[in-house]
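Asker:
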Amino acid sequence: MLMTFEEASKLIMDNKTLHIAGTEALLKKLPKGKWIGGSTEYFMAKEGGKVSGEHLFVTEFSYEGSIKTYAASEIESVAADAFDSGFSIVVVPFDSAVHIKYAQNAAGFKDMFLKNIVGWISGVNLGIPGQTPIAVDGTAASAYSDKAVALHLKVPGDKTVSVNIVNIFAQNEFSPVITFEEEGFSATKCLIDGKETVLADYIAQNKIDTKLPLVGDYAGNGINISFKSVENGVVNFYAPVFRGIQYRIAKNIENYEKEFNSKLSEIKETNAAFSCNCILNFLYGELEGKKIDAFSGPITFGEIAYQLVNQTLVYVTVS
Amino acid sequence: MTITNQQIEKILAGSQTFSNLGFCMLVMHLRMKYAGNPSPVILVECAEEVRKFLNKTTVSMDADFATIQRL
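As they're listed, the protein sequences go chains E and L. For the record, in the first sequence the residue sitting at position 221 is 209 according to our numbering, with numbers rising by one throughout. Plus 13 on top of the position in the second sequence (first one is 1) and you've got our numbering.
1. The region 28 to 39 of chain L: which residues have C-beta closer than 9 Å to a C-beta of chain E, in chain order?
2. Mark G115 of chain E as exposed unless 16 or more other C-beta atoms lie within 10 angstroms of its C-beta, in which case mark it buried.
3. Expressed to the nearest angstrom, what Euclidean distance is found between the alpha-carbon atoms of L187 of chain E and I63 of chain E?
4. Quick one: give me the first and last residue of the alpha helix (DSSP H) that A261 of chain E is part of.
5. Short of 7 Å Cβ to Cβ, which residues in the region 235 to 265 of chain E face chain L?
6. Does the Cβ of M14 of chain L have 16 or more other Cβ atoms within 10 Å, making it buried, or fewer, making it exposed?
7. Can you look up F36 of chain L in the DSSP assignment and give me helix, strand or coil?
8. Run through the DSSP bridge pairs and tell me what G25 of chain E is partnered with.
9. If you draw a straight line from the alpha carbon of E35 of chain E to that of K22 of chain E, how long is it in whole angstroms?
10. Okay, do the region 283 to 294 of chain E and the region 133 to 145 of chain E touch, 3+ Cβ pairs below 8 Å being the bar?
11. Please identify the residue among E:K199, E:C178 and E:G182 whose C-alpha is closest to the C-alpha of D189 of chain E.
12. For the putative contact between F75 of chain E and V149 of chain E, defined by C-beta atoms under 8 Å, what is the C-beta separation to the nearest angstrom?
13. Quick one: residues in its chain with C-beta nearer than 6 Å to the C-beta of S54 of chain E, no 5 flanking neighbours on either side, listed in chain order?
14. Could you check what DSSP says for E173 of chain E in three-state terms: helix, strand or coil?
15. Could you check what DSSP says for Y190 of chain E in three-state terms: helix, strand or coil?
16. Anything in chain A within Cβ reach of A95 of chain E, meaning under 7 Å, just list it in chain order.
17. Can you list the residues of chain L that F101 of chain E reaches, using a CB-CB cut of under 7 Å?
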């Protein structure tokens, strides 16, 4: 829940196991304790979407936990380090080497799909220059712009943990199939229905709304790749595109708030142990002040549901 | 659930869809791996990963098990 610096500090001093989202400045002032943190000023609170440099979004866990930091050279062991019965929350600073390594390689990390891995990419206030995306290891009160921090939580063996996403986007069946020969966060060429095409030209000529993501078909699950920019003929993304995945442009969304709440009405009884939602959903959907039922948490610069996903609400349940 | 290598090869070379998010991501990861080198060695490696997932997972996989049994 959203709380003041003093309230969050008290929970830390009470030796609670916590996940905390807030500004770089506030996170760096919190006392040492059993917590991890990540920077953002955007939140989905119980009362609605909120931008605040004065509050922290705190999630408390009653499970046994361990905290570990990971440089880019170490991140491949993040799932192997997770408890067999439990889940891990990983915070990764935006645009860091560890962000890129995770985004491009997570599917191949040891035990990735045998453990329950969620998390998010930390960011900044987009209107305030000079901030740095950070992840914080509260046990050492150390803030990192170049390391990920994970909270590995151990859940009793008789409990069931489930990692889920809410994706309001679906492939537009009228979009051609878009595939890529080269993987990465940017692309010049792609194949449009099998024909080599300059992607930037395709976007311009077809007046593609780049607020809509590419939706990759992952054996029936839609996984989004958001457009970041189109510059000098190069299309940049917020997550890497992969060879072998069939992408299409997403169907248009008329009303974000309505679409989210419609999707969430199907799972309104869900009690998420942790959730986060994407900054692009927050901005494009103009969700500030609007309420997304049942799910609160940080608004993030990329979401992790095993792999990095975009424009997606990620949540984990324990039942 | 018992799953044969033949069923796993059909999953890797096919286009079946599944429900469970982790399983879908694993299947796509393995499809890409197998497409890059469709050899018996890689098939055995992929089969081991699928079996580990199915043995380990505690979430509901009923719908996906039904899909696999039809292969």
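We put the beta carbon where it would ideally sit given N, CA and C, even for glycine.
Answerer: Let me lay it out:
1. S28, Q29, T30, F31, S32, N33, L34, G35, F36, C37, M38 and L39
2. When all chains shown are included, G115 of chain E counts as exposed.
3. 32 Å
4. Not the alpha helix (DSSP H): A261 of chain E falls in the beta strand (DSSP E), residues A260 to C266.
5. Flagged: no residues at all.
6. exposed
7. helix
8. E:I8 and E:V124
9. 27 Å
10. no
11. E:C178
12. 5 Å
13. H140.
14. It should be noted that the sequence gives Phe, not Glu, for residue 173 of chain E. If DSSP states are grouped into helix, strand and coil, F173 of chain E belongs with the strands.
15. helix
16. In the structure shown, chain A cannot be found, because the protein chains are E and L.
17. G35, M38, L39 and F66
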